[in-house]
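> Before I ask anything, let me first share the structure, which is written out below as structure tokens.
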Amino acid sequence: MTGTDDGTKAGTRGPARASGPRVPAPWVRTRLRAAPAAALALALLVALTAALAAAFPRAVDRYEDAGLRRTLDDASPRRTTVQFFAPRPDLELSLGEGENALREAALRKGYDAVLAAVDKPLVADRAQSSYGVRTSDPTDASDSFLARPSGLPPRVALVAQNALGAHSRPASGRLPRATDPVTATTSEVEAAVTTETARTLHIKVGSVIHVPGLERAPLAVRITGIVAPREPDGAYWMSTPLIREPSLIQLPSDGGTYWIGALLLAPDAGPVLLGTPGKPERYWQVAPDTSGPTAHDVSGLASAVAALESGPGLARIRERVDPLTDATTDLDEVLSSFTELRSGIAPLVAVAAFGAGTVAAVVVLMASGLAAERRRGELALVRARGGSLPGVLGRLLAETAVVAVPAGALGLGAALLAVPHARLSSAVAAALAVTVLACVALPVRAAFAHRAVRVHGGREDIASVRPSRRRTVAELTVLVLATAAVAALRRGKTDDAGSSGGSGDQLNALAPVLVGVIAALVLVRLYPFPLRRLAGPAGRLRGVVAPLSLARAGRTSASTALPLLALLTALTTAAFGGSVLAGVHTARDHAALLATGADGRIEATHALPTALPGRIRDTRGVREAVPVSVAYRAQARRGSGTAGETAALVGVEPGPYGQLSRELDLGGFPARTLRATGPDGSGGSSGGSRGKAVVPAIASPSLADRFGTAPFSVQLEDDSKVTVRIAAVRDVTPAVTDLDFLVVDREALTRRAARPTALLLTGGHLDGAALRRAAGGGVDVRLRAEVRTAYVHSPLQSGAERIYTAAVAAGAGYAVLALLLALVRAAPERSALLARLRTMGLTRAQGRRLLVLESLPQALLAAVGGALTGWAAIRLLAPGLDLTAIAVAGRPAPGGTARLRTDALSLLVPSLAVLVVATGVALAQAWWTGRRGSVRELRAGDGR
């Protein structure tokens, strides 16, 4: 063969190839092209996990921010406004200087100083904030045309508040003016009143109201206009509700009543208040901007409010305005109520978050383990041919990062779009944690697997591989630490539960994970032994499927701790979460039942019409209406000289009421318990002997403790008396809530006292509108369903429930994915086994049974272990877990504290789902293997 001088073949067309060393193909590009499906699967897993991880803290921020806004909006402006007030100027000042201090310019200067002292994150709503001067002690107005409900003259407060025209519109007349400089001796000033004040006090445009003077003639206040507030519920009007509408005051001595109203002077007419005995005071009202603060600003808001109430902010105001300036607000209490509610809900959400996060992390680790197992031979060959461990790990990190980093960024972007208007930092940190875990999992797994250079590996099932001393020590260490943490949690040696974010809260949230770690470590070591013992008796059975499946299940892969941990944690979290949600719903139902006493309740302060029970029974949805008479202020006493005990005396028909109590499980009793007896023990009592016969009664525990079983007298509100003897004790009764009670037969009461004042309704679908139409006016209609709905008031509750449900669902999804990854890892070996067995005569039906029976022990282990760990976690956390916050959100609700209880469905359904999924996957694998045939699985040189 001839060639040219440059080494190319003679006759070769094209440009000559340059001499020199060959450039190897890039590792990352080659690997991605060789396994695009695996790279795509990893990208999808990382993107989904990063999106969920980033969305979780943002979703929590969203519902917490909504909860804070709802709390601030529900609180009246009188509670949320920070009010500063100072007395009249120092008496040592001249009269002119004192008058100038009450003019609008001076008050505006103080207002600017007050706003300058407000520290962020507290921001003032300048549109609703106000300032002015007012009389702190309203004075009598003796004009005859003013309303006098009981003959007492009304009292009026003089208020000169800024920006009256900007916050009202004239309904008639015009706004007050102060054309000439107003002084303490001015004889007449102009004023306006609101429409409510004018209507209530009989004030018209042109009316003149005379206010007593201080060492001078009475001050004449001429009404020049009647105004309607533009925003009647805004802080400008509601910070001091008296300026919007008058208030009716009742004297405690004789029960007389009188009105208190406000006359709105011109903003510059404040000096005239110095000439009245009403004790004028300056005030500045700072309304907070409730649209801006977020939940993570609550601590800063509380600090800012504290600084204004009694801290540096108030000191600055006193320095620049008046040394006697004081401040008051209930905003700190409003923020404290929100913090308390959030602290009660956050630990429950954290349990779901830690559980779902642990399962997701385990799935990511399992995906890296599957990739390492698939490339075991390749990496071993690279190491055998001289590849350094750092070099191999660096290339693995690079090829994983090329896929994981863009996927993590994509997941973060999706989370930001799906859950807007929340903090960015926590979402970025969560997505970054997922991405870093996905990047380093494969290199770290490969580093442990290929520390030493080896080409061929032996069997790695539990039957042949014995854990090293290092692994045994590591597992024992983890086991001891987890057990110690669980024991400490059980003994309660943690931080206070109310300290949000403390180590005690984190330990509570980690309880399902800790229990899962303990169970996984123990079960992985123990479960092969009973299978091997069963293999002997199974070998004596006819057929090959049972003994072969047990033998293979007993020799499962040694790396089953991660899948089992994922399944146990997911099942524990699902069982715990289901029990929490079921407990919340049960607590709401029970609280609503105690509040109404039945499915519905119709009650009045007077006796109900005689025809009303019949009309109510004919209403759609009503199954039964039980009439009762309730005297809430009955006095029970033993002897005429002893002090009375206030109790509610309930007159009932023993049969229907006893049946209702039994159906609702609210202190049920047989009708004979209330059968009346005479003094001699004979049954029955005539109408003429009412009050003399001893009437059996069912009593609350406190009354039973005080009066025992001896007869005692009860005086009703109509001055009638009945002698009762406690025949039974019940903790609750349908007719009365949170009160001491006595339940007696209505027949033992007088005709007037026995008339029903309430109806207890039962029925599956009560129509509230129809019941209210049938009941008419003057009665209160309450439905159990409506009361229950009212308990779900704060977005903190509904948001936490949605987040909890989503977290449990995500954990369950990742658990199924973990189960699938575990089965996929063993799929090649199972396919090859089926192919070989079919060449020896195994039928397809036997192959399906073999795969199902082989997968059942692990699935059954996970199902039973998950149910047990879920039960253990519930038992562990139940004593210190209060569901009242998430159930009723701090609203007044009877029934006491709502505790966590085990829910059977929450324990059994997830476990059964694991068995169904494992069986379904095994059947699908057997079907798919049967379709492919045995030729491909038995190729020579196959690495299986």
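Residues in the sequence shown are numbered consecutively from 1, following our numbering.
Cβ atoms here follow ideal geometry from the backbone N, Cα and C, with glycine treated the same way.
All figures in this text were calculated on a predicted structure; none of them were measured in a lab.
1. Using alpha carbons as the reference points, say which of T919, E801, R675 lies closest to I345.
2. Please confirm whether V334 and T80 have their CB atoms less than 8 Å apart.
3. In the stretch 591-665, which residue ranges form an unbroken alpha helix (DSSP H) of at least 4 residues, counting only runs that do not cross its ends?
4. Taking only runs that begin and end inside the stretch 338-411, name each unbroken alpha helix (DSSP H) of 4 or more residues, in chain order.
5. Please confirm if Q715 has its CB atom under 8 Å from at least one CB of chain C.
6. Measure how close the beta-carbons of W259 and P323 come, nearest whole angstrom, since I'm counting them as under 8 Å.
7. If you check the beta carbons only, do G300 and A307 fall under 8 Å apart?
8. Using a Cβ-Cβ cut-off of 7 Å (strictly less than) and excluding sequence neighbours within five positions of V419, which residues of its own chain qualify?
9. Quick one, which of S549, L72, V363 has its alpha-carbon nearest A566's?
10. How is the beta strand (DSSP E) around T135 delimited, first residue to last?
11. Assuming the contact rule is C-beta atoms closer than 8 Å, T750 and R725 should be a hit. Round their C-beta distance to whole Å, please.
12. What number of angstroms, rounded off, separates the C-alpha of T494 from the C-alpha of T573?
13. Give a yes or no on whether the C-beta atoms belonging to G577 and Y804 are separated by under 8 Å.
14. Okay, do the stretch 767-781 and the stretch 603-620 touch, 3+ Cβ pairs below 8 Å being the bar?
15. Does the separation of the CB atoms of L370 and R825 fall below 8 Å?
16. Buried or exposed: which applies to G764, given that a residue is buried once 16 or more other Cβ atoms fall within 10 Å of its Cβ?
17. If the criterion is Cβ atoms closer than 8 Å, does the pair V513 and T569 meet it?
18. Within 10 angstroms of the Cβ of L742, are there 16 or more other Cβ atoms? Answer buried if so, exposed if not.
19. Given this structure, state the Cα-to-Cα distance separating V189 from G225, to the nearest angstrom.
20. Under 8 Å: do the stretch 167-181 and the stretch 273-289 share three or more Cβ pairs, one atom per stretch?
21. Considering only the beta carbon of each residue, do P280 and T135 sit closer than 8 Å?
22. According to DSSP, is P679 part of a helix, a strand, or is it coil?
23. According to DSSP, what are the bridge partners of A157?
24. Going straight from the alpha carbon of A431 to that of A360, what length do you get?
25. Cβ of P390 versus every heavy atom of the ligand SAH: is any distance shorter than 7 Å?
26. What are the complete beta strand (DSSP E) segments, minimum 3 residues, inside the stretch 287-341?
27. Which same chain residues end up closer than 6 Å to L768 when comparing Cβ atoms and leaving out the 5 residues on each side of it in sequence?
28. Within its chain, find whatever has a CB closer than 6 Å to the CB of Q128; leave out the 5 residues flanking it on each side and keep chain order.
29. Using a threshold of 8 Å, state whether the C-beta atoms of V46 and A433 are closer than that.
30. Give the secondary structure of F741 by DSSP, where H, G and I count as helix, E and B as strand, and everything else as coil.
31. Alpha carbons only, please: which of L612, V732, V695 is nearest the one belonging to T723?
32. Go ahead and label V909 buried or exposed: buried means 16 or more other beta carbons lie within 10 angstroms of its beta carbon, across all protein chains shown.
33. Measuring only the C-alpha atoms, how far is G667 from A582?
34. Quick one: residues in its chain with C-beta nearer than 6 Å to the C-beta of A863, no 5 flanking neighbours on either side, listed in chain order?
35. When the Cα atoms are used, what is the spatial distance from A926 to L548?
36. Please determine, among G67, L263, A634, D268, the residue with the shortest C-alpha to C-alpha distance to V650.
Let me spell this out:
1. E801
2. yes
3. 612-617, 654-664
4. 376-384
5. Although the question refers to chain C, the structure presented lacks it and comprises just one protein chain.
6. Incorrect: roughly 36 Å between the Cβ atoms, too far for contact.
7. no
8. A55, R58, A59, R62
9. V363
10. 130-135
11. 19 Å between Cβ atoms; not a contact.
12. In this prediction, T494 scores a pLDDT of 44, lower than 50, which makes its location untrustworthy; no coordinate-derived value is stated.
13. yes
14. yes
15. yes
16. exposed
17. yes
18. buried
19. 13 Å
20. no
21. yes
22. Because P679 carries a pLDDT of 48, less than 50, the predicted location of this residue cannot be relied on, and no value is offered for it.
23. A262
24. 12 Å
25. Of the ligands one can find in the structure shown there are none, so the ligand SAH has no counterpart to examine.
26. 326-328
27. Residue identity differs from the one stated: residue 768 is Gly in this sequence, not Leu. Closer than 6 Å at Cβ, skipping near neighbours: L783.
28. G234, A235, Y236, A287
29. no
30. strand
31. V695
32. exposed
33. 23 Å
34. S911, V914, L915
35. 16 Å
36. A634
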